[in-house]
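Peer 1:
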Amino acid sequence: MKNTNKQILGWCFYDFANSSFTTIVVTFIYSAFFTDYIVGDSALGQVYWGNAVTLCAIIIAFLSPIMGAIADQGGYRKTFLLYWTLICIVFTFLLYFPLKGDIFLALFIFIIANVAFEMGCVFCNSYVPTLTNNTNAGKISGFGYSFGYLGGLLALFLGLVTIALPETPMFGISKDFGQNYRSMNLLVAIWFLVFSIPTFLWLEKDTKKNKINTDLIKNSFNQIKNTFSDIRKYKNTVRFLIARLFYNDALITIFSFGGIIANGVYGFGLEKMLTFGIILGIAAGVGSFIMGYIDDYIGPKKMIQISNFLLLIATIIVVFVNSETFFWIAGVLVGFASGPNQSSSRSLMSKLCPKGKENEFFGFFAFSGKITAFLGPFLLAQVTMLSLKYFDLSSVQAQRYGVSVVLMLLIVGSINLYFVKED
């Protein structure tokens, strides 16, 4: 295997490993377990969860460009990727322990795990410009996401056959005190640890230029300051980052509350939730793989707009159509569209990224995805709370109406993306 191909495969393995976290912890299993079991009220739990995701977004928004600049200045990209990965794994493991009523302990652990996960993504994404070129960025980025969705899919399937389906779960796991749900976090931690090993074995070593000290940190802040002062040179890149700021926030909101809606509105249990996640994972993997090829022909911008349209249709179904069958259809649409949305955004950023500023600009890529990422979860939480408190709606109605904020974010993001030039 050629060295570059080996590095690409190692890079793809990171998506394969970490997708278990987003799939099981953020989207389908733990979020629903938190609202339904730990809080004991799905609508109120949705408010708590929304506020936690909001806080995560604020932390990541300020941390990501700083860490990216330090990595650029010091040559610590792979090192930082390793550290954040280990933090995420440890705190995912700790999510096993909070029990019914341990609301703030569970949220504290989740926030650290989620911040560490997102920071790992910053440094993983920064490898795209060094592993690709203008002719294959879409394809390779799509490979990464399709490989990632495959990882999430297999992790869900493993949880289904070992924990959810058997009358008595394997490995001595009990269904008492939600242990079957809580054990899914242990699965994620082990999965992430094992399958990220190829990443750290095969990606090229850091070329450390400077030790981390006060001078390096000062230079890193100066680099960020210079980037902001020179931002006029990269107007088109900034325009794209502003557009992504909104449509990515919509996607984050969908991922953060999909499992909560499935459980709270349609009563999905562990088995059904895992099945739902598997079907979405298949749709996402197929979408990433196929659309990754099409991306290189029609361009990432058009691919993002197509995926935004599909996400818009799916959201309209969830908000206005009270049908479990249509909810499954909406889920498949979200799965199929979310992969291309993320992979094409990553490939478009790699094309717009100035050479030599990859880590820093992918730090800002994460920054743009998080600086208002609190907006979607925050608005959803507030709309849900207002629906319960002032409009006297049922818990089910309040949860569905809360999702309506996603429509606004998708529309605003798509309009801004229209004015971005690809070259």
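My numbering numbers the first residue of the sequence shown as 894 and each following residue consecutively. Using N, Cα and C, we set each Cβ at its ideal position, and we do this for glycine too. If you're wondering where the values come from, they're calculated on a predicted model, not measured in any experiment.
#1: Rounded to the nearest angstrom, how far is the Cβ of glycine 1037 from that of tryptophan 904, given a contact under 8 Å?
#2: Does chain B have any CB closer than 9 Å to the CB of isoleucine 1145?
#3: How big is the Cα-Cα spacing for lysine 1068 and serine 935?
#4: Suppose only complete runs of 4+ residues qualify. What are the alpha helix (DSSP H) ranges in the region 1156-1235, listed by chain order?
#5: Give the straight-line distance between the Cα atoms of isoleucine 959 and tryptophan 977, rounded to the nearest whole angstrom.
#6: If you reduce the DSSP assignment to three classes, tell me which class phenylalanine 986 lands in.
#7: Should leucine 1310 be labelled buried (16 or more other beta-carbon atoms within 10 Å of its own) or exposed?
#8: In the DSSP assignment, the alpha helix (DSSP H) including methionine 1063 goes from what residue to what residue?
#9: Please classify threonine 947: does DSSP put it in a helix, a strand, or coil?
#10: Taking 6 Å as the limit between beta carbons, can you name the residues of its chain near alanine 1009, skipping five residues before and five after?
#11: Taking Cβ positions, are alanine 1274 and phenylalanine 1085 nearer each other than 9 Å?
#12: By Cβ distance below 7 Å, which residues in the same chain neighbour glycine 1152 in space, the five residues on each side in sequence not counted?
#13: Evaluate methionine 894 with the Cβ neighbour count: other Cβ atoms within 10 Å of its Cβ, from every protein chain shown; 16 or more gives buried, anything less gives exposed.
#14: Under 8 Å Cβ to Cβ from serine 1280, same chain only, skipping five residues before and after it: list those, please.
#15: Under the three-state reduction of DSSP, which class applies to phenylalanine 997: helix, strand or coil?
#16: Between which two residues does the alpha helix (DSSP H) containing alanine 1082 stretch?
#17: Answer with buried or exposed for threonine 1100, where buried requires no fewer than 16 other C-beta atoms within 10 angstroms of its C-beta.
#18: Tell me the rounded alpha-carbon separation between threonine 1061 and leucine 956.
#19: What's the call for methionine 1196, buried or exposed, on a 16-neighbour Cβ count within 10 Å?
#20: Measuring CB atoms only, is the region 1218-1231 touching the region 1142-1158, in the sense that at least three cross pairs come out at less than 8 Å?
#21: DSSP three-state call for methionine 894: helix, strand or coil?
#22: Indicate whether the contact test is met: 3 or more Cβ pairs, each with one atom in the region 987-997 and one in the region 1016-1026, closer than 8 Å.
#23: Exposed or buried, tyrosine 850, counting other C-beta atoms within 10 Å across all chains shown (16 or more means buried)?
#24: Report the option in Thr1092, Ala999, Leu948, Glu1315 whose CA atom is closest to the CA atom of isoleucine 901.
#25: Quick one: give me the first and last residue of the alpha helix (DSSP H) that alanine 1291 is part of.
#26: Candidates Lys1128, Ser1240, Tyr989, Leu1000: which alpha carbon is nearest isoleucine 1191's?
#27: Closest to glycine 1174 by C-alpha separation, out of Asp929, Thr928, Gly1044, Tyr989, would be which residue?
#28: Report the option in Ser1236, Leu1079, Ser913 whose CA atom is closest to the CA atom of leucine 987.
#29: In whole angstroms, give me the CA-to-CA distance for phenylalanine 1213 and phenylalanine 1284.
#30: Pull up the distance between the alpha-carbon of serine 1089 and that of tyrosine 907, whole angstroms please.
#31: Lysine 899: which of Ile1154, Tyr941, Gly933, Leu1024 sits nearest, CA to CA?
#32: Can you list, in chain order, the residues of its chain whose CB lies under 6 Å from that of serine 1297, leaving out five sequence neighbours each side?
#33: Give the C-beta separation of valine 1081 and threonine 985 to the nearest angstrom, bearing in mind that I take them to be a contact with Cβ-Cβ under 8 Å.
#34: Please find out if some non-hydrogen atom of the ligand ADP comes closer than 8 Å to the beta-carbon of valine 946.
Peer 2: In short, the structure shows the following:
#1: With 8 Å as the limit, glycine 1037 and tryptophan 904 qualify as a contact, their Cβ atoms being about 7 Å apart.
#2: No chain B is part of this structure, which consists of one protein chain only.
#3: So the alpha carbons of these two residues sit roughly 20 Å apart.
#4: Counting only runs of 4 or more, we get 1163-1191, 1193-1213.
#5: Going from the Cα of isoleucine 959 to the Cα of tryptophan 977 covers about 14 Å.
#6: The answer is helix: DSSP assigns phenylalanine 986 an H, G or I state.
#7: With 16 or more other Cβ atoms from the protein chains shown falling within 10 Å of its own Cβ, leucine 1310 counts as buried.
#8: It is not in any alpha helix (DSSP H) - methionine 1063 carries neither H nor E in the DSSP assignment.
#9: DSSP places threonine 947 in helix when its eight states are reduced to three.
#10: Counting only Cβ-Cβ distances below 6 Å, and skipping sequence neighbours, we find Trp977, Ile980, Cys981.
#11: No; because the gap between Cβ atoms is not below 9 Å, this pair is not in contact.
#12: The answer, listed in chain order, is Thr920, Phe921, Ile922, Ser924, Ala925, Met1166.
#13: Because the pLDDT of methionine 894 is 45, which lies under 50, any placement of that residue in the model is unreliable, and the question is left without a value.
#14: Excluding sequence neighbours, serine 1280 sits near Leu1286, Gln1290, Ala1291, Tyr1294, Gly1295.
#15: If DSSP states are grouped into helix, strand and coil, phenylalanine 997 belongs with the helices.
#16: Note, alanine 1082: alpha helix (DSSP H), 1072-1088.
#17: Classification of threonine 1100: exposed, given that the 10 Å Cβ count is below 16.
#18: Linking threonine 1061 to leucine 956 through their CA atoms gives a straight-line distance of about 44 Å.
#19: Buried, by the Cβ-count rule.
#20: Put simply, the region 1218-1231 touches the region 1142-1158. At least three CB pairs are less than 8 Å apart.
#21: Here the model assigns methionine 894 a pLDDT of 45, short of 50, so the residue's position is not dependable and the matter cannot be decided.
#22: The region 987-997 vs the region 1016-1026: no contact.
#23: The shown model of the chain, from 894 to 1316, leaves out residue 850, and the question about it has no answer.
#24: Here the closest residue by C-alpha is Thr1092.
#25: Run containing alanine 1291: 1288-1295, per the alpha helix (DSSP H) assignment.
#26: Nearest C-alpha to isoleucine 1191: Ser1240.
#27: Measuring from the Cα of glycine 1174, the nearest candidate turns out to be Gly1044.
#28: Among Ser1236, Leu1079, Ser913, the Cα nearest to that of leucine 987 belongs to Leu1079.
#29: Rounded to whole angstroms, phenylalanine 1213 to phenylalanine 1284 spans 17 Å at the Cα level.
#30: One C-alpha to the other measures close to 5 Å.
#31: Ranking the options by Cα distance to lysine 899, first place goes to Leu1024.
#32: Closer than 6 Å at Cβ, skipping near neighbours: Val1212.
#33: Contact flag correct, Cβ pair sits at about 5 Å.
#34: Judged by which ligands are present, the structure shown has none, so any question about the ligand ADP falls away.
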